[in-house]
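*Asks:* Residues in the sequence shown are numbered from 64 upward in steps of one, following our numbering.
Ideal placement from N, C-alpha and C gives every residue a C-beta, glycine not left out.
Since we're looking at a predicted model, the values are computed, not measured.
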Amino acid sequence: KYSLSRAPIYQATSSFHVSATKRVAWTIAIIGGYFSSAMVTMDGIPTALAFLVGIPSMLPLPIVTWLTTPYVHRIFRIYPNAEGERVDLEKLKEDEEFIFECISIFGRSLYNCRVKLSDLRVTGKRFGWVNLEVVGDRIEKEFPNQNIVEKALDGTRTRKYFYVADDVGGYKMERIWSIIDRQSGIDNGR
Numbered sequence: 064k065y066s067l068s069r070a071p072i073y074q075a076t077s078s079f080h081v082s083a084t085k086r087v088a089w090t091i092a093i094i095g096g097y098f099s100s101a102m103v104t105m106d107g108i109p110t111a112l113a114f115l116v117g118i119p120s121m122l123p124l125p126i127v128t129w130l131t132t133p134y135v136h137r138i139f140r141i142y143p144n145a146e147g148e149r150v151d152l153e154k155l156k157e158d159e160e161f162i163f164e165c166i167s168i169f170g171r172s173l174y175n176c177r178v179k180l181s182d183l184r185v186t187g188k189r190f191g192w193v194n195l196e197v198v199g200d201r202i203e204k205e206f207p208n209q210n211i212v213e214k215a216l217d218g219t220r221t222r223k224y225f226y227v228a229d230d231v232g233g234y235k236m237e238r239i240w241s242i243i244d245r246q247s248g249i250d251n252g253r
């Protein structure tokens, strides 16, 4: 039904560092938990010392996970595969869709999120780390079991957050950023 573009229109510069940070946080938490459990079973070592080793080694994991979950590795444009129909530029502009390739929770693999351009908004949440949110009714169907989907207070709309660097992507992303800015009510001259 859809085909991906040959090259990404956006490729993050710090993807390796984000995935390495996730892997290191998991490694430190596992090793710290193992050593603290080994210290509890040893005679002569106080239990409080085991907790002093275990708790600080596990603290970075939820912080790193929370901060790096919305990081987008690459963005691809997707095109409809209509048999017998010629897809022109005007038809593509009507309902543009993208694949956001995000880094998994363990930092070893990638997962894809299909996003419509009309659903993207700029946000300033999470210390400025998250800068895009997808708002729409179809999100719950697209991402049913992911912890980064939040349901609104009224229960009707859901949100999914992404981090995409504003200054990466060149002219390919500039038109998309201007559309997202207009949808968000921001006028910064794009």
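(1) Skipping 5 residues on each side, what residues in its chain have a beta carbon closer than 7 Å to that of Leu216?
(2) Taking the beta carbon of Ala70 as the centre, do at least 16 other beta carbons fall within 10 Å, making it buried, or is it exposed?
(3) Just to confirm the assignment, what range does the beta strand (DSSP E) spanning Val178 have?
(4) Can you find a CB in chain D that lies within less than 9 Å of the CB of Gly95?
(5) Tell me, to the nearest whole angstrom, how far the beta carbon of Val135 is from that of Cys165; I am working on the premise that it is less than 8 Å.
(6) Using the rule of at least 16 other Cβ atoms within 10 Å of the residue's Cβ for burial, across every protein chain shown, is Phe161 buried or exposed?
(7) Can you tell me which of Ser167, Asp250, Arg238, Gly233 puts its alpha carbon nearest to the alpha carbon of Ser78?
(8) Applying the criterion that 16 or more other CB atoms from any shown protein chain within 10 Å of the CB defines a buried residue, is Gly248 buried or exposed?
(9) Would you give the residue range spanned by the alpha helix (DSSP H) that Val81 belongs to?
(10) Assuming the contact rule is C-beta atoms closer than 8 Å, Arg171 and Arg238 should be a hit. Round their C-beta distance to whole Å, please.
(11) In this structure, does DSSP put Pro119 in helix, strand or coil?
(12) Since Ser167 sits in a beta bridge, which residues does DSSP pair it with?
(13) Do you know how far the Cα of Val231 is from the Cα of Leu180?
(14) Below 6 Å CB to CB, which residues in the same chain sit around Arg137 once its five sequence neighbours on both sides are set aside?
*Replies:* Checking against the coordinates, here is how it stands:
(1) Along the sequence shown, one-based indexing puts residue 216 at 153. For Leu216, the pLDDT reaches just 49, beneath the cut-off of 50, and the residue's location in the model is therefore unreliable, although a value from the coordinates is still provided. Within its own chain, no residue has a Cβ closer than 7 Å to the Cβ of Leu216 once the five positions on either side in sequence are excluded.
(2) Within the sequence shown, the letter at position 7 stands for residue 70. Burial call: exposed.
(3) Numbered from its first residue, the sequence shown carries residue 178 at position 115. Its beta strand (DSSP E) spans residues 173-179.
(4) No chain D appears in this structure, which consists of one protein chain only.
(5) Locating residue 135 in the sequence shown gives position 72, where the first residue counts as 1. Locating residue 165 in the sequence shown gives position 102, where the first residue counts as 1. That pair is a contact at about 6 Å.
(6) Here residue 161 corresponds to residue number 98 of the sequence shown, with the count starting at 1. Burial call: buried.
(7) By one-based count along the sequence shown, residue 78 stands at place 15. Residue Ser167 is the option with its Cα nearest to Ser78.
(8) Working through the sequence shown from its first residue, we reach residue 248 at position 185. Exposed.
(9) Walking along the sequence shown from the start, residue 81 turns up at place 18. Run containing Val81: 78-104, per the alpha helix (DSSP H) assignment.
(10) Residue numbering aside, residue 171 sits at position 108 when the sequence shown is read from its first letter. Residue numbering aside, residue 238 sits at position 175 when the sequence shown is read from its first letter. Actually they do not touch by this definition, with Cβ atoms about 33 Å apart.
(11) Indexing the sequence shown from 1 puts residue 119 at position 56. Residue state for Pro119 is assigned as helix, using DSSP reduced to three classes.
(12) Within the sequence shown, numbered from 1, the residue matching residue 167 stands at position 104. In the DSSP secondary-structure assignment, Ser167 is not bridged to any residue.
(13) Counting from 1 along the sequence shown, the entry for residue 180 is found at position 117. Counting from 1 along the sequence shown, the entry for residue 231 is found at position 168. Straight-line spacing of the CA atoms in Leu180 and Val231 works out to 18 Å.
(14) One-based indexing of the sequence shown puts residue 137 at position 74. These residues qualify, in order along the chain: Pro71, Gln74, Glu164.
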